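Here the structure is laid out as structure tokens; the discussion comes afterwards.
Chains as they are written, first to last, in this note's numbering: chain A, 2 to 193; chain B, 148 to 680.
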């Protein structure tokens, strides 16, 4: 029995006109790419953007470096660019709810326990990072990529990615509220 | 031991996409495959056309000038680190790193010094790497990078590896000493090279320091020059080149070949890998203010400068170790010093509920309840907390308008009790209310304070507030509503406001477990006047 072809082989076949081959690559990574989008944009938007990621990947697959058998970092990179384009093109004017219906749309679990504060501090710390730093650190923490693969996803040399991750971690430690989280292990345990 | 990565792992959980979404996305992909190749060009412009991007991936894409044979022979015997430039065929000049540094330094010294609050408009082209389209970004930053405005995705503020802009003069005055200082601080010459780029690309440096940076670049180990490079924006340039080392990619700092103005920064993959990224300044001009592309070096007014500092402080609070970040339902206790006495009030972060002691009894009141009529809400009118705070599901992407004029128009559309709507009175009242009434510093994502500097007739005064603290007041020529917004004179953090002649200063702002509680939550402290206490 022949082993399944790797992603690089399937992408090569798709360049030769084999449509199913590319769809197979998509099938292999759709859960991971979907989760990547959902973590950053929420489920609804992730579902909207997923097809854009596949079409963008299809269009640029000729640039895929076939010395890498696993296409996931590349696809996450395409997803990253798709998100960036989306955010950049968001209309400047979105409907603003008035102060009278401000409670609308909030997930109740964010309101009360100490976990909320831990999460808020972390998300704020992430928001303060430079975009590249944020991407590297979340690709490693959330998408289970190696630093080198995270760099690949962002088109960044491995050395630069390592430095970027280091900078990101330093910046996270220094971010407002993080010191308390890192020393106050009790808080974290409660949260888990 | 818990570290920041462990904390991040805890946020990994996600609501999975619905199964039908995967099928739907694949169906779109299949439909795209079926379309004629001609139509696919449409996607090329969005997703990055394959060939166009592939051609940019390595140094080979850069058009090099053809070096005449006679010059090439000379080059072979030229200095080791030198590269030949044919200025005139008969007079070849060897461009060394030192010569480039000398020319760039001279050009820098010929530039006028600018005020740290001088606004700079930049258009940059960014290539993030293989598969990326070129992205053009534009926006405004002050010379000291303390305040910024516009749609920056990649640039943004410079890493604070250096002293504050005002203290850049404390860096070593000798180029070799500056190299040694940065190599030690950042860990090697390649890191120092990148730090120099950070200085050059993000700030408008004092001329003397800029000249010193060029001299220091030339002396940095491993630095050579390349006299014919082209930026991704198509500009011809000359470059300081730092060759790749074990850990770092090859890097280039590209300058204009005639004016020696900073043009671009590029770096490559280790060992000729396919990672290549570049940011090129397409246009940089000193302008009259944020939002303007009219050239001007008029120093900012005192009001504009104060607003910029307040904005910068709100975006990057200095020295905070325990700033609050709370969900909208989190209770906050505030001590208010007012013209008519001190008060202690509790409110949720989104100001939808308030509580205070009335005749010795704690009264909790929702905004919609009947008791609300007798309560003074800190946030009486304005955009919702969710709109100001940013949407947490998308990393706090703010939902207020990005453009300053639109933001101002929106804020002016709320009715805040101003006697007249002229002069942006409603907008100023809303900004004061947001700063006082909503419990989150993420509001700094929107340039609310920046708007204040441009309010017609705004002036600045040094005052002592009702709590006895030294403040800087931004005063507005309104007949009613909020006529002053107070910032701490040392930190430029928001301190309070004067509404209808009555002053309110927030002296304590702490997240607590609920109404009536005075015990700060360990991980949710809000030191509004951190430096003044």
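Virtual Cβ for every residue (Gly too), placed ideally from N, Cα, C.
Computed from a predicted model, the values in this text were never measured in an experiment.
Short of 6 Å in beta carbon distance, which residues of its chain neighbour residue i, apart from the five on each side in sequence? Order them along the chain.
i, result
"residue 573/B", "559, 561, 563, 565"
"residue 295/B", "288"
"residue 334/B", "none"
"residue 211/B", "In this prediction, residue 211/B scores a pLDDT of 23, lower than 50, which makes its location untrustworthy; the coordinate-derived value is nonetheless stated afterwards. Excluding positions up to five away in sequence, the list reads 375."
"residue 582/B", "641"
"residue 82/A", "none"
"residue 55/A", "27"
"residue 129/A", "176"
When burial is assigned at 16 or more other CB atoms within 10 Å of the CB, is residue i buried or exposed?
i, result
"residue 442/B", "exposed"
"residue 517/B", "exposed"
"residue 530/B", "buried"
"residue 351/B", "buried"
"residue 336/B", "buried"
"residue 170/B", "exposed"
"residue 186/B", "Low local confidence applies: a pLDDT of 29 at residue 186/B is under 50, so the model's placement there is unreliable, with the coordinate-based value given in what follows. By the neighbour-count rule (16 or more Cβ atoms within 10 Å), residue 186/B is not buried but exposed."
"residue 162/B", "exposed"
"residue 506/B", "exposed"
"residue 268/B", "buried"
"residue 643/B", "buried"
"residue 65/A", "buried"
Which same chain residues end up closer than 7 Å to residue i when comparing Cβ atoms and leaving out the 5 residues on each side of it in sequence?
i, result
"residue 446/B", "262"
"residue 404/B", "383, 384, 385"
"residue 613/B", "484, 485, 486, 650, 652"
"residue 25/A", "11"
Let me know the secondary structure DSSP gives residue i once reduced to three states.
i, result
"residue 270/B", "strand"
"residue 60/A", "helix"
"residue 600/B", "helix"
"residue 137/A", "helix"
"residue 639/B", "coil"
"residue 524/B", "coil"
"residue 398/B", "strand"
"residue 30/A", "helix"
"residue 384/B", "strand"
"residue 613/B", "coil"
"residue 262/B", "coil"
"residue 326/B", "helix"
"residue 361/B", "helix"
"residue 161/A", "helix"
"residue 159/B", "coil"
"residue 452/B", "helix"
"residue 81/A", "helix"
"residue 634/B", "strand"
"residue 177/B", "helix"
"residue 314/B", "helix"
Residue j and residue i - do their beta-carbons sit closer together than 8 Å?
i, j, result
"residue 127/A", "residue 63/A", "no"
"residue 594/B", "residue 551/B", "yes"
"residue 496/B", "residue 477/B", "yes"
"residue 427/B", "residue 457/B", "no"
"residue 452/B", "residue 601/B", "no"
"residue 182/A", "residue 122/A", "yes"
"residue 629/B", "residue 569/B", "no"
"residue 84/A", "residue 58/A", "no"
"residue 513/B", "residue 500/B", "yes"
"residue 682/B", "residue 575/B", "With chain B covering 148 to 680 only, the question about residue 682/B has no answer from this structure."
"residue 323/B", "residue 366/B", "yes"
"residue 397/B", "residue 142/A", "no"
"residue 498/B", "residue 407/B", "no"
"residue 8/A", "residue 74/A", "no"
For residue i, which residues from the same chain have a beta carbon less than 8 Å from its beta carbon, with the 5 sequence-adjacent residues on both sides left out?
i, result
"residue 133/A", "155, 157, 165"
"residue 353/B", "260, 315, 316"
"residue 666/B", "659, 660"
message: Taking beta-carbon pairs under 9 Å, can you tell me which members of the stretch 423–435 of chain B lie near chain A?
response: 423, 424
- prompt: At a Cβ cut of 8 Å, what residues of the stretch 154–169 of chain B count as close to chain A, listed as they run along the chain?
  reply: 154, 155, 156, 157, 158, 159, 161, 162, 163, 164, 165, 168, 169
field: Under 8 Å (Cβ pairs) to chain B, residues found in the stretch 157–169 of chain A
entry: 157, 158, 159, 160, 161, 163, 164, 168
- prompt: If you measure beta-carbon to beta-carbon, which residues of the stretch 3–37 of chain A are closer than 7 Å to chain B?
  reply: 20, 24, 27, 31, 35, 36
message: Any C-beta of chain B within less than 9 Å: which residues of the stretch 127–139 of chain A qualify?
response: 127, 128, 129, 131, 132, 133, 135, 138, 139
- request: Below 7 Å between beta carbons is the criterion; list the residues of the stretch 38–69 of chain A that meet it against any residue of chain B, in chain order.
  value: 39, 40, 41, 42, 43, 44, 47, 48, 51, 52, 55, 56, 57, 59, 60, 61, 63, 64, 66
- request: Note down, in chain order, all residues in the stretch 505–522 of chain B with a beta-carbon under 7 Å from any beta-carbon belonging to chain A.
  value: none
task: Give the residues from the stretch 170–181 of chain A that approach chain B closer than 7 Å (Cβ to any Cβ), ordered along the chain.
output: 170, 173, 174, 177, 178, 179, 180, 181
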